[in-house]
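Numbering of the sequence shown is given in the working numbering, commencing with residue 123 and proceeding in unit increments.
In this text, a Cβ means the ideal position worked out from N, Cα and C, and glycines have one as well.
These figures come from a predicted structure and were not determined experimentally.
Worksheet: the structure to be examined is printed underneath.
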Amino acid sequence: MATILETGNHIAQNGDGNLRRETAQRFVLAIKGAFSGAAPWRPVVFPVTDEILSWIDTFPDYAGRNKAPDKPEGTSFGDLTIIQEFEKACARFPMSEVFIWSLDSDLQSYRQNP
């Protein structure tokens with residue numbers, strides 16, 4: 123869900139109004155396709171309170187250490203939710219390939235190849 127929210131944010135912040143609207147319309151079709159089963163990917167259920175509370179204490183450590191030697195910023199809370207969903211999907215589908223599809227090199231490293 124963090125990916126969907128972040129993508130929507132990026133669409134709303136870039137280009138002129140016409141470009142944002144056209145991009146947002148394509149985004150809506152992609153999201154509807156994911157929820158209906160037409161797209162090759164599926165959104166996960168947004169974490170509930172108990173689930174967030176089970177891993178929120180890890181956030182200070184993620185925020186405090188650099189993502190990579192060439193990235194002096196910490197992991198954002200949005201990225202942490204993506205990582206947690208990745209780990210949950212790996213546990214749920216141990217015999218399936220699971221990866222984070224992202225242009226961020228630090229998130230690209232999360233991949234399960236059984």
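Worksheet item: When you compare only the Cα positions, how much space is there between N136 and A146?
Response: Numbered from 1 along the sequence shown, position 14 holds the residue referred to as residue 136. Numbered from 1 along the sequence shown, position 24 holds the residue referred to as residue 146. Rounded to the nearest angstrom, the gap between the Cα atoms of N136 and A146 is 11 Å.
Practice prompt. Report the option in T203, G196, I204 whose CA atom is closest to the CA atom of N188.
Written response: For the purposes of this step, residue 188 is identified with residue 66 of the sequence shown, where counting begins at 1. Sorting T203, G196, I204 by C-alpha distance to the C-alpha of N188 places G196 at the top.
Fill in: Own chain, CB closer than 6 Å to T63, minus 5 neighbours either side, in chain order
The displayed coordinates of the chain run from 123 to 236. Any statement about residue 63 would go beyond what the structure contains.
Practice prompt. Would you kindly work out how many angstroms separate the C-alpha atoms of R150 and P162, rounded to a whole number?
Written response: Taking the first residue of the sequence shown as position 1, residue 150 is located at position 28. Taking the first residue of the sequence shown as position 1, residue 162 is located at position 40. With the sequence shown as reference, residue 150 is identified as Val, and Arg is not the correct amino acid for it. Each residue's alpha carbon lies about 15 Å from the other.
Item to complete: Look at K193 and D228 and say whether their C-beta atoms are less than 9 Å apart.
Response: Translated into positions along the sequence shown, residue 193 becomes position 71. Translated into positions along the sequence shown, residue 228 becomes position 106. Taking 9 Å as the Cβ cut-off, K193 and D228 qualify as a contacting pair.
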